[in-house]
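Working notes, structure below.
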Amino acid sequence: MPHFVYIMASRPGGAIYIGRTHQLRNRVEFHRAGMSAHTAKYKIKTLVWFEQHDNFATSLQRERSVKRWRRAWKDELIQEANPHWQDITHQIPV
Numbered sequence: 023m024p025h026f027v028y029i030m031a032s033r034p035g036g037a038i039y040i041g042r043t044h045q046l047r048n049r050v051e052f053h054r055a056g057m058s059a060h061t062a063k064y065k066i067k068t069l070v071w072f073e074q075h076d077n078f079a080t081s082l083q084r085e086r087s088v089k090r091w092r093r094a095w096k097d098e099l100i101q102e103a104n105p106h107w108q109d110i111t112h113q114i115p116v
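Taking the numbering used here, the leading residue of the sequence shown gets 23, the next gets one more, and so forth.
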């Protein structure tokens with residue numbers, strides 16, 4: 023079962039949320055519905071980056087690593103894959 027590490031944002035350069043899940047599409051809808059206090063408070067609704075991992079352990083390690091990065095490095099990670107910070111929900115594998 024694939025696991026995902028993802029970043030959602032309020033706007034380019036705005037508030038971000040980094041998470042991990044095995045059901046990315048459902049998790050994005052969870053955030054958009056305002057069911058997470060942090061994402062609801064800061065209006066974080068746009069999926070701007072994600073990567074897929076083969077197992078729980080590697081996704082957990084990657085999530086913890088990215089969360090410890092400086093903000094500029096996180097922004098650069100997003101910029102490389104999604105320069106305009108557009109919603110990429112349609113790119114989630116089925």
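Each residue gets a CB set at the ideal place from its N, CA and C atoms; glycine is no exception.
Keep in mind the model is a prediction, meaning the values are calculated, not measured.
Spatial neighbours of residue i in its chain, beta-carbon cut-off 7 Å, leaving aside the 5 residues before and after
i   : result
F78 : H25
G56 : A62
Close Cβ partners of residue i (< 6 Å) along its chain, the five nearest in sequence each way excluded
i    : result
Q108 : none
Euclidean distance between Cα positions of residue i and residue j
i    : j    : result
E115 : R90  : With the sequence shown as reference, residue 115 is identified as Pro, and Glu is not the correct amino acid for it. Computed Cα separation, rounded: 27 Å.
I100 : V70  : 7 Å
L82  : H44  : 11 Å
R47  : P105 : 22 Å
R93  : G35  : 10 Å
F52  : S58  : 7 Å
Start and end residues, beta strand (DSSP E) containing residue i
i    : result
T111 : No beta strand (DSSP E) holds T111; DSSP gives it neither H nor E.
Enclosing alpha helix (DSSP H) for residue i [first to last residue]
i   : result
R92 : Looking at the DSSP string, R92 is not in any alpha helix (DSSP H), and its letter there is neither H nor E.
CB of residue i within 8 Å of CB of residue j, strictly
i   : j   : result
A31 : T68 : yes
Y64 : A37 : yes
T61 : Y39 : yes
H75 : R84 : yes
G41 : R54 : no
Exercise. Which ranges does the alpha helix (DSSP H) cover as unbroken runs of at least 4 residues, wholly within the region 28–52, from first to last along the chain?
Worked result: none
For this session: May I have a chain-ordered list of the beta strand (DSSP E) segments no shorter than 3 residues that lie completely inside the region 55–80?
Result: 68–75
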